[in-house]
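Undergrad:
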Amino acid sequence: MGSLHTAFAANLRAARAQRRVSQAELAERCGLSQGYIADLEGANRFPSVDSIERLCRALEIPPYRLFLLDENSELSAPLAPRERERLRSELTQRLTTAVNAVLGDGDGDDNRD
Numbered sequence: 000m001g002s003l004h005t006a007f008a009a010n011l012r013a014a015r016a017q018r019r020v021s022q023a024e025l026a027e028r029c030g031l032s033q034g035y036i037a038d039l040e041g042a043n044r045f046p047s048v049d050s051i052e053r054l055c056r057a058l059e060i061p062p063y064r065l066f067l068l069d070e071n072s073e074l075s076a077p078l079a080p081r082e083r084e085r086l087r088s089e090l091t092q093r094l095t096t097a098v099n100a101v102l103g104d105g106d107g108d109d110n111r112d
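No gaps in the numbering here: position 32 of the sequence shown is 31 in numbering that gives the first Met the number 0, and each next residue is one more.
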């Protein structure tokens, strides 16, 4: 894998396979189309923050798992383990912030169950 986009596609495919869920089942759980899931896994499209949240909820994984780079990737090879963890943590925080902004969370006034 040479880019974050292709890493995302491969990680989504791997997470779905690990859970033994078909594209159709994942699509139904997420409220997305099977074609869209196929496009994501084929690196033909990149999801919105809302779609990332739906996918992660359906697969029961944290968002950063979809952005992990292959150990042999040209993008990940030069990073030391400590730096990889720092970047992973930063990415998780940024994704969480973005999701909260989209959902209107984080202001303390959310009264949903």
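Where a beta carbon is used, it is the ideal one built from N, C-alpha and C, also for glycine.
For A13, which residues in the same chain have their Cβ closer than 6 Å to its Cβ, ignoring the five residues on either side in sequence?
TA: There are no such residues.
Undergrad: Since A8 and A42 should fall inside the 8 Å C-beta cutoff, what is the C-beta to C-beta distance between them, to a whole number of angstroms?
TA: Contact flag correct, Cβ pair sits at about 4 Å.
Undergrad: Where does P61 sit, in a helix, a strand or coil, going by DSSP?
TA: P61 falls in the coil class under three-state DSSP.
Undergrad: Are C55 and P46 close, meaning C-beta to C-beta below 7 Å?
TA: Contact flag unset, no.
Undergrad: Is V101 close to the ligand NAD? I mean its beta-carbon at under 6 Å from any heavy atom of the ligand.
TA: This structure lacks the ligand NAD; in fact it carries no ligand of any kind.
Undergrad: For the alpha helix (DSSP H) containing L31, list its first residue and its last residue.
TA: Counting along the chain, L31 falls outside any alpha helix (DSSP H), and DSSP gives it neither H nor E.
Undergrad: Thinking just about the alpha-carbon of each residue, which of A6, Q92, V20, V101 is nearest to the one in E59?
TA: Considering only alpha carbons, the answer is V20.
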